[in-house]
Amino acid sequence: MAKRIRVALVGQPNVGKSSLLKRLTGGDARVGNWSGITVDKVSGLVRYGDYEIEFVDLPGVYSLSPYSPEERITRDYLLFERPDVVVNVVESPMLERNLFLTSQVLELEIPTVLALNMWDEFRSKGFELDLKTLERELGVRAVPVVGKTGENLDLLLEKVVEVYEGSQKPKPFRFSRVLEALLGKVERKLRGEPFYELLPKRWLAVKALEGDPLLTELLKTRFGFNLGSCCAAERHYAAEAYSMPPEEAISEERYRAIARLVSRVLKKPASGGFSFQEALDAVFLNPYLGLPSFFLIMFLVFKFTFAVSAPFVGWLDGFVNDFLKKYALYGLQAVEAPEWLASFVVDGIVGGVGFLLTFVPILVFMYAAIGFLEHSGYFARAAFVADRLMRPLGLTGKSVVPMILGFGCNVPAVLATRTLENSYLRRLTALLIPFMSCSARLPVYALLAFAFFPDKAHFVIFSMYLLGIFAAVLVAFLLRRTPLFGKRVELPFVVEIPPYRLPSFRELLRSLWTPVWEFVHRAGTVIFLANLAVWVLLNVPYGAPPKETLLGKTASLVQPALEPLGFGRYWENAAVLIPGFLAKELIITSYGTILGVQEEERKVVKVDFWRDLTKQIRNLGKAFADAVRAFFGLLVPGLPEVELAPASVVEKIKQLFTPASALAFMVFVLLYTPCAATVATLWQEFGPFLAAFSILLNLSTAWTFSFLTFQIARLIF
48 MAKRIRVALV
58 GQPNVGKSSL
68 LKRLTGGDAR
78 VGNWSGITVD
88 KVSGLVRYGD
98 YEIEFVDLPG
108 VYSLSPYSPE
118 ERITRDYLLF
128 ERPDVVVNVV
138 ESPMLERNLF
148 LTSQVLELEI
158 PTVLALNMWD
168 EFRSKGFELD
178 LKTLERELGV
188 RAVPVVGKTG
198 ENLDLLLEKV
208 VEVYEGSQKP
218 KPFRFSRVLE
228 ALLGKVERKL
238 RGEPFYELLP
248 KRWLAVKALE
258 GDPLLTELLK
268 TRFGFNLGSC
278 CAAERHYAAE
288 AYSMPPEEAI
298 SEERYRAIAR
308 LVSRVLKKPA
318 SGGFSFQEAL
328 DAVFLNPYLG
338 LPSFFLIMFL
348 VFKFTFAVSA
358 PFVGWLDGFV
368 NDFLKKYALY
378 GLQAVEAPEW
388 LASFVVDGIV
398 GGVGFLLTFV
408 PILVFMYAAI
418 GFLEHSGYFA
428 RAAFVADRLM
438 RPLGLTGKSV
448 VPMILGFGCN
458 VPAVLATRTL
468 ENSYLRRLTA
478 LLIPFMSCSA
488 RLPVYALLAF
498 AFFPDKAHFV
508 IFSMYLLGIF
518 AAVLVAFLLR
528 RTPLFGKRVE
538 LPFVVEIPPY
548 RLPSFRELLR
558 SLWTPVWEFV
568 HRAGTVIFLA
578 NLAVWVLLNV
588 PYGAPPKETL
598 LGKTASLVQP
608 ALEPLGFGRY
618 WENAAVLIPG
628 FLAKELIITS
638 YGTILGVQEE
648 ERKVVKVDFW
658 RDLTKQIRNL
668 GKAFADAVRA
678 FFGLLVPGLP
688 EVELAPASVV
698 EKIKQLFTPA
708 SALAFMVFVL
718 LYTPCAATVA
728 TLWQEFGPFL
738 AAFSILLNLS
748 TAWTFSFLTF
758 QIARLIF
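Everything in the sequence shown is counted per this note's numbering, starting at 48 for the first residue and increasing by one.
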């Protein structure tokens with residue numbers, strides 16, 4: 048019977064733990080959730096000789112001081128689950144920085160293997176490492192590996208088995224004589240307590256001297272032990288001796304011990320002067336050039352996304368409407384299905400698939416671009432530059448990344464708040480994300496902007512994005528001190544500034560695959576059902592005029608609240624906002640249906656399968672060619688073309704608005720309630736109260752801004 052070894056993969060963010068696990072398991076890893084928290088738990092099983100080795104990929108953390116959910120999960124797993132072996136994955140070119148976490152892992156007294164990842168990059172930069180001395184000093188086994196290619200992974204498994212079967216214990220870093228004496232006193236005081244044999248001795252003494260709040264709470268709750276009063280004298284002496292809090296003194300000692308070790312085992316390459324990476328940082332980290340550079344880069348991301356995805360969106364739209372719908376209708380007519388059933392299947396079901404598919408190219412290219420920036424090392428720099436602007440709003444630089452994602456789709460943006468340090472930041476940031484104008488709202492802006500402001504359409508559309516940012520800033524400023532989000536915790540903003548790298552194709556594929564799949568899996572169902580709901584609302588009772596349907600009658604109830612905004616004079620404008628809650632794209636589709644542009648009577652379909660299929664293949668080839676041309680033409684001024692509704696719809700919509708009310712309507716669409724998928728995600732992540740509060744907040748903000756826009760615009764137009 049095979050022996051089972053439980054191995055915890057531990058490391059700082061972006062050191063390649065996930066790549067390593069996928070290589071080890073062949074991609075066969077299980078994804079779940081940690082108990083009580085929505086952070087992914089990834090594990091995989093590897094067979095090696097007579098052993099079954101279960102790898103658990105713990106969340107990436109910079110230390111084992113639990114300021115974030117990820118840090119708490121990692122520490123609790125190592126402390127209370129006690130894996131058989133720890134594989135501490137470190138980024139070889141940044142060895143000194145990564146050893147800070149290693150120094151804390153060693154104090155847990157778990158047999159450890161040091162996986163020196165990115166060894167190819169380490170060698171190419173001219174570094175040299177004395178592995179034997181490193182192993183001897185730390186009491187570990189060290190293995191150079193390359194997670195991207197799988198180099199030396201068999202040796203890594205061999206060392207895991209070796210430390211599991213062996214008796215070698217990790218050697219924690221030693222501190223100054225003063226600190227070591229204080230740690231000895233603390234350990235003697237704790238000896239004999241009921242918890243003393245349950246926890247690693249060195250770790251317990253260090254955390255007691257630091258005054259770790261979670262350990263203090265744990266010992267008081269479970270054992271009635273007051274750690275604060277027990278170690279007060281030692282903490283006071285340490286603070287006096289080092290002129291700083293004990294936890295800071297211990298951190299300083301860690302860095303000194305690490306520096307001493309690195310000086311003995313690591314030979315660095317000779318400096319080559321002012322490097323290209325330093326030249327980039329001179330711009331991207333500059334207090335004056337950093338933010339303008341950020342906005343320019345994000346403008347290029349959006350330009351790339353919409354320019355390159357537009358041909359594929361157009362092809363998919365044609366494929367669904369000219370091919371799938373055509374053959375669905377042909378099959379229904381062949382069996383003489385009733386008209387209402389044909390409408391339900393063709394417009395409701397097949398149309399819903401079309402809405403889902405048209406999202407996918409936009410998300411693919413958006414997340415490819417975002418993934419490139421993330422893996423290249425740029426986002427860490429953007430967060431660092433933005434931090435000083437976010438502090439007065441109760442946020443930190445880390446909030447920038449989820450909010451950037453919100454411009455693509457609010458659903459993955461809300462999920463991205465999991466990486467923030469505390470509940471206060473996660474809740475406030477999640478509440479601001481719906482103010483970021485997602486790509487689904489762009490067709491609405493384009494339709495009205497090109498209809499009423501053809502000469503200034505680009506400026507009007509761009510102003511919607513700026514207004515969303517301004518609204519988020521204002522809301523954050525007003526809500527930052529309210530008790531809605533829990534206690535505000537002021538933490539220093541610490542962010543890793545990794546070296547610049549050119550991401551691999553595999554990394555980009557992973558970056559876009561996970562969020563796109565999450566969208567299809569979670570939001571896809573909502574979008575599909577949305578089209579069915581619109582069909583029902585506009586067809587019950589079947590055959591009645593749109594105003595007499597369920598949607599029309601519901602709109603009449605909402606209409607009075609919208610009349611002060613200018614566009615509420617017409618029930619049609621109120622009606623399209625109702626399905627717009629489900630998905631913002633449905634606003635334009637609903638206009639087409641309500642205004643009677645769609646054919647009332649379906650003609651008998653004639654098909655030629657091979658001709659139609661050839662046409663679709665030809666159109667797909669044209670879409671690829673157009674996308675390539677768009678990619679190489681990105682520096683051409685102006686927004687990419689946005690497909691508008693049919694001209695007859697535009698003409699009829701012009702009868703429902705004035706220029707002032709059209710602006711007010713765009714502002715309302717920008718700010719009003721998040722789509723159903725976003726609300727569902729807010730509910731899942733933060734509970735029903737925050738989801739309901741988000742709806743009310745966005746509705747009230749949208750009404751206020753829209754009213755002000757209408758009143759000001761009336762004076763101009």
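Beta carbons are placed, not taken as given, at the ideal position from N, Cα and C, and that holds for glycine. As the structure is a prediction and not an experimental result, all values here were calculated from the model.
- Judged by DSSP in its simplified three-state form, residue 333 adopts coil rather than helix or strand.
- When beta bridges are read from the DSSP output, residue 102 appears opposite 54 and 91.
- In the same chain as residue 154, and ignoring 5 residues on each side of it, the C-beta atoms closer than 7 Å to its own belong to 219, 247, 249, 250 and 253, in chain order.
- Beta-bridge annotation (DSSP): residue 188 is paired with 160.
- In the displayed model, residue 620 falls within a helix according to three-state DSSP.
- Put simply, of 161, 171, 195 and 196 the residue whose alpha carbon is nearest the alpha carbon of residue 186 is 161.
- Looking at the DSSP output, residue 152 shares a beta bridge with no other residue.
- The beta-carbon separation of residue 356 and residue 412, rounded to 5 Å, stays under the 8 Å limit for a contact.
- The Cβ-Cβ distance between residue 607 and residue 754 does not fall below 8 Å.
- When C-beta atoms of the segment 502 to 520 are compared with those of the segment 651 to 666, fewer than three pairs fall below 8 Å, so the two segments do not count as touching.
- Rounded to whole angstroms, the separation of the alpha carbons of residue 381 and residue 660 is 20 Å.
- For the set 268, 621, 240 and 487, the Cα lying nearest the Cα of residue 352 is the one of 487.
- Under the criterion of beta carbons closer than 8 Å, residue 361 and residue 432 do not qualify as touching, at roughly 37 Å.
- One alpha carbon belongs to residue 446, the other to residue 107, and they sit about 18 Å apart.
- About 6 Å separates the Cβ atoms of residue 313 and residue 176, confirming a contact at the 8 Å cut-off.
- Residue 243 and residue 739 have their C-alpha atoms roughly 47 Å apart.
- Residue environment analysis places residue 429 among the buried positions, since at least 16 neighbouring C-beta atoms fall within 10 angstroms of its C-beta.
- With contacts defined as CB atoms closer than 8 Å, residue 100 and residue 207 qualify as a contacting pair.
- The straight-line gap separating the alpha-carbon atoms of residue 296 and residue 285 is approximately 8 Å.
- For the set 671, 544, 266 and 711, the Cα lying nearest the Cα of residue 408 is the one of 671.
- Contact between the segment 49 to 67 and the segment 90 to 99 is present: three or more C-beta pairs spanning the two stretches fall below 8 Å.
- By the beta-carbon neighbour count (other beta carbons within 10 angstroms, threshold 16), residue 604 is exposed.
- Assignment of residue 135 by DSSP, reduced to helix, strand and coil, places it in the strand class.
- Taking 8 Å as the cut-off, the Cβ atoms of residue 483 and residue 453 count as close.
- Between residue 192 and residue 148, the C-beta gap is not smaller than 8 Å, which leaves the two residues out of contact.
- Linking residue 70 to residue 197 through their CA atoms gives a straight-line distance of about 6 Å.
- About 6 Å separates the Cβ atoms of residue 440 and residue 520, confirming a contact at the 8 Å cut-off.
- Residue 728 and residue 460 have their C-alpha atoms spaced approximately 10 Å apart.
- By alpha-carbon distance to residue 750, the top candidate from 624, 762, 494 and 171 is 624.
- Here the C-alpha atom of residue 560 lies approximately 26 Å from the C-alpha atom of residue 368.
- Assigned with DSSP and collapsed to three states, residue 240 falls in coil, not helix or strand.
- Taking a contact to require three or more Cβ pairs closer than 8 Å, the segment 463 to 480 and the segment 696 to 705 do not qualify as touching.
- Straight-line measurement puts the Cα of residue 589 at about 16 Å from the Cα of residue 393.
- Counting only runs of 3+ residues, no beta strand (DSSP E) is found wholly inside the segment 575 to 621.
- Taken atom to atom, the span from the alpha-carbon of residue 630 to that of residue 722 is near 5 Å.
- Around the Cβ of residue 59, a 10 Å sphere holds 16 or more other Cβ atoms; the residue is buried.
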